[in-house]
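A quick write-up on the structure given underneath.
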Amino acid sequence: MIILSEEHGEARRLASLEAENRHLRALLLAGREAEAQRRRSARLGRAEAARIRAETEARESRYRHAIAELRQSADRQSLLMQEMAHRVKNTLAMVQAIGTQTLRTAASLDAARGALDARLHALAKAHDVLLQDAWTTAPLGRIVASAVALHGGEADRFAVSGPEIALAARAGLTVALLLHELGTNAAKYGALSAPAGRVAITWTIDGAAVEKGPVEAGAFEDAAVGARFRFRWAESGGPSVSPPHRTGFGSRLIERSLVQGFGGRVDLAYPVTGLVLAFEAPLARLAA
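Numbering (this note's numbering), first residue to last: 28 to 315.
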């Protein structure tokens, strides 16, 4: 009986130890599972945090880029408005000068009205040429062609020759007005008033700039230094001409704009064959 009792006690102790071991193994397994889950959660958390951080950085980058574009657009608009205001101011000043000089030199109010309309029309045509190049430069060939067209533009009456030159906007407008005055004078009193009358319009550049290509505003600056622009209007086949008795709009335009404004020199001659105007100035003053 004693032996059986001891064996029974040992069995119960072993069973208890086995149960305790199973419990410990279960706890250990649960702990490992919990640790694995924690690590998975940590990895997922880091990945999610990285994803959120990347999305946030990308969104902030887009915002910064959009803000920079808005600022650049605002700066461009401000610059455009300033440039437009400057051009409008210059144009209005030119229109005011044209109106003042026209009224001062006209023989009558009707004559002033007709002359003013014609001059403003010539100015508008020159603006059309400038708009084709975004108001940056005025190709002299187009300026001449536009002015010639206002007086018929027949090939047998006009001979035009010269290299391709892009004048600055102000120089282009001044040359357009000069051509208008010369054409109007020729149609009234000079070569264009006679059936056999002819006008030769030529221009050249003394210097190496023309060999390198068109001289645009700011381009070939080194080559343009020292180069001279020479322009010539020569009439033939018309009635005899003589120097005017009084100073008109054209004379004032020549003196104030071509001579004073661009540092040029103008020679007017009245041979029997017809009026000849020769103008020369530093190329850099006209193209800059």
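Ideal Cβ placement from N, Cα and C applies to all residues, glycine included.
What would DSSP say about residue i, mapped onto helix, strand or coil?
{"i": "Glu4", "result": "Residue 4 is absent from the model: the chain starts at 28 and stops at 315."}
{"i": "Ala85", "result": "helix"}
{"i": "Glu262", "result": "strand"}
{"i": "Glu307", "result": "strand"}
{"i": "Arg65", "result": "helix"}
{"i": "Val187", "result": "strand"}
{"i": "Val226", "result": "strand"}
{"i": "Ala151", "result": "helix"}
{"i": "Val293", "result": "strand"}
{"i": "Ala193", "result": "strand"}
{"i": "Thr163", "result": "coil"}
{"i": "Thr231", "result": "strand"}
{"i": "Leu206", "result": "helix"}
{"i": "Gly240", "result": "Its pLDDT being 43, under 50, Gly240 is placed unreliably in this model, and the coordinates cannot settle the point."}
When you compare each of the options to residue i by their alpha carbons, which one comes out closest?
{"i": "Leu302", "options": "Val226, Trp230, Arg70 and His50", "result": "Val226"}
{"i": "Leu119", "options": "Ala176, Arg197, Gly168 and Val156", "result": "Arg197"}
{"i": "His178", "options": "Glu208, Pro298, Ala151 and Val156", "result": "Glu208"}
{"i": "Arg184", "options": "Leu204, Ser263 and Arg86", "result": "Ser263"}
{"i": "Asp233", "options": "Arg312, Ala254 and Ala134", "result": "Ala254"}
{"i": "Leu167", "options": "Leu206, Arg73 and Ala77", "result": "Leu206"}
{"i": "Leu304", "options": "Leu51, Ala261, Glu82 and Glu282", "result": "Ala261"}
{"i": "Tyr216", "options": "Ala176, Thr300, Leu280 and Arg103", "result": "Thr300"}
{"i": "Tyr15", "options": "Arg279, Ala311, Ala213 and Ile79", "result": "Given a span of 28 to 315 for the chain in the structure shown, any question on residue 15 remains unanswerable."}
{"i": "His148", "options": "Arg49, Ala176 and Ala74", "result": "Ala176"}
{"i": "Arg312", "options": "Glu87, Asp144 and Ala195", "result": "Ala195"}
Checking 9 Å against the spacing of the C-beta atoms, do residue i and residue j come in under that value?
{"i": "Glu181", "j": "Arg257", "result": "no"}
{"i": "Gly199", "j": "Thr164", "result": "yes"}
{"i": "Pro266", "j": "Leu295", "result": "no"}
{"i": "Pro26", "j": "Gly288", "result": "An answer regarding residue 26 cannot be provided, because it is not within the stretch 28 to 315 covered by the chain."}
{"i": "Arg131", "j": "Leu204", "result": "no"}
{"i": "Ala314", "j": "Ala153", "result": "no"}
{"i": "Thr211", "j": "Leu285", "result": "no"}
{"i": "Val293", "j": "Glu282", "result": "yes"}
{"i": "Ile125", "j": "Leu158", "result": "no"}
{"i": "Arg259", "j": "Ile228", "result": "yes"}
*Counting Cβ pairs, one atom from each stretch, are 3 or more of them under 8 Å apart for the region 131-147 and the region 166-174?*
no
*Counting pairs of beta carbons, one from the region 187-202 and one from the region 216-225, are three or more of them closer than 8 Å?*
no
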